[in-house]
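Peer 1: Dropping the structure in here first, questions after.
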Ligand code: CS2
Ligand code: MN
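Residue numbers (the working numbering): 12 to 368.
Take a look at the structure:
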């Protein structure tokens, strides 16, 4: 296991590489070329510069989150092959740069969805939160503007303002895409990219849909054990793997997280570990990572990863905003650093106990 932090790159992130370097036990970053758009081929020089910058700070690139998938691929439009070819070329260039992990998602139109970016908790911290009632009352265009006006000046991944202009077109694009079509478009994409993944040993790690159910009438398939196992079998190659995000699968309380981890043994290449606090099944907030602050048993989640031999990067996921920090919601330094230290502590204890027998 390698403990990492997500870093958006100089000019995008309020957190610096030298700050990350000082978090005990964090040796790598999960990063991306944040300025690129889905469908573009990444420039070799940009990849090399990113790598050099991270390494000069004494860290490694543990993986890319994300190389985003163009909507033409997800919707399965006739021009999808152009974008798949570009995706393959980007993967090749990442492989040539010795990068072997790529996180992506297959959610139509929206990435993760929260209805509040700064819900205040009793201790004065603010957190991302979700209520189904708020989603039901909102139209998707308003959702875009609200996310952007509450993001502390940051561009939120997946909520780039330029996408707002195309919301209606995007919805149209998916009007005939149901769960089965989305599964088959995903299979088509994976089958086409597997050869380059095998050639360069690139582990693809799909991020779950968040929340883990359909919203705004759009299909969502990476939501539970049954569907993710179906996806693993449908392209049965170790390079077709999973980002296990506890906070995303965990949005559905029917998902038994440690059991899902065990059933995905060998196919989890990356883990996002965070906690949620539920007030009711459709009203939750992103608590501190500590088990006692939320609803999940973080020890059991880490133990399941440990016992299945997980050896990829872990990152704390969204943190609370604390100590007056101003940063991209969910992506401040302080609470994610606390999260990393806590997760490292759990891992050390589990490891020592296991070795003691
Ligand atoms: C991330 C996702 O911030 C987050 O919630 O976990 O945005 C994730 O990076 C993407 O879905 C992966 O493509
Ligand atoms: Mn996540």
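Glycine is no exception: its CB is placed at the ideal position from the N, C-alpha and C atoms.
#1: Considering Cα atoms alone, identify which of 179, 136 and 363 is closest to residue 343.
#2: Just mark residue 85 as buried or exposed, buried being the case when its beta carbon has 16 or more other beta carbons within 10 Å.
#3: The ligand CS2 and residue 324: does any heavy atom of the ligand fall closer than 8 Å to the residue's C-beta?
#4: How close, in whole Å, do the beta carbons of residue 167 and residue 158 come, if the pair is a contact with beta carbons under 8 Å?
#5: Under three-state DSSP, which class holds residue 366?
#6: Taking 8 Å as the limit between beta carbons, can you name the residues of its chain near residue 236, skipping five residues before and five after?
#7: When every heavy atom of the ligand MN is checked, does at least one fall within less than 8 Å of the C-beta of residue 258?
#8: Given 8 Å as the limit, is there contact between the region 118-136 and the region 277-284, that is, 3 or more CB pairs closer than that?
#9: Report the rounded CA-to-CA distance for residue 224 versus residue 187, giving the unit in angstroms.
#10: If I measure Cβ to Cβ from residue 305 and keep anything under 6 Å in the same chain, skipping five residues before and after, which residues do I get?
#11: State the start and end residues of the unbroken alpha helix (DSSP H) segment that holds residue 146.
#12: Taking only runs that begin and end inside the region 46-106, name each unbroken beta strand (DSSP E) of 3 or more residues, in chain order.
#13: Cα-Cα, which of 189, 232, 290 and 338 is closest to residue 373?
#14: Can you list, in chain order, the stretches of the alpha helix (DSSP H) that have 4 or more residues and sit fully within the region 182-231?
#15: Please return the same chain residues whose Cβ sits closer than 6 Å to the Cβ of residue 348, not counting the five positions on each side in sequence.
#16: Taking 8 Å as the cut-off, is the beta-carbon of residue 53 closer than that to any non-hydrogen atom of the ligand MN?
#17: Which class does residue 276 belong to by DSSP, given the choice of helix, strand or coil?
Peer 2: Straight from the coordinates:
#1: Start at 1 with the first residue of the chain shown, and residue 343 comes out as number 332. Out of 179, 136 and 363, 136 has the C-alpha closest to the C-alpha of residue 343.
#2: Working through the chain shown from its first residue, we reach residue 85 at position 74. By the neighbour-count rule (16 or more Cβ atoms within 10 Å), residue 85 is buried.
#3: By one-based count along the chain shown, residue 324 stands at place 313. Result no, Cβ not under 8 Å from the ligand CS2.
#4: Position 156 of the chain shown, counted from the start, is the residue given in the question as residue 167. Position 147 of the chain shown, counted from the start, is the residue given in the question as residue 158. Confirmed, Cβ separation roughly 6 Å.
#5: Within the chain shown, residue 366 is the residue found at index 355, counting from 1. DSSP places residue 366 in helix when its eight states are reduced to three.
#6: Locating residue 236 in the chain shown gives position 225, where the first residue counts as 1. Excluding positions up to five away in sequence, the list reads 266, 267, 270, 271 and 274.
#7: Residue numbering aside, residue 258 sits at position 247 when the chain shown is read from its first letter. Indeed, a heavy atom of the ligand MN lies less than 8 Å from the Cβ.
#8: no
#9: Taking the chain shown and counting its residues from 1, the one referred to as residue 224 is at position 213. Taking the chain shown and counting its residues from 1, the one referred to as residue 187 is at position 176. Their Cα atoms are separated by approximately 18 Å.
#10: Against the chain shown, residue 305 aligns to sequence position 294. These residues qualify, in order along the chain: 286, 287, 288 and 298.
#11: Counting from one through the chain shown, the residue named residue 146 turns up at place 135. Per DSSP, residue 146 belongs to the alpha helix (DSSP H) from 143-148.
#12: 71-76
#13: Residue 373 is absent from the structure shown; the chain starts at 12 and stops at 368.
#14: 190-211
#15: Within the chain shown, the letter at position 337 stands for residue 348. Correct list, in chain order: 34.
#16: For the purposes of this step, residue 53 is taken as the residue at position 42 of the chain shown. Incorrect: residue 53 has no Cβ contact closer than 8 Å to the ligand MN.
#17: Counting from 1 along the chain shown, the entry for residue 276 is found at position 265. Residue 276 falls in the coil class under three-state DSSP.
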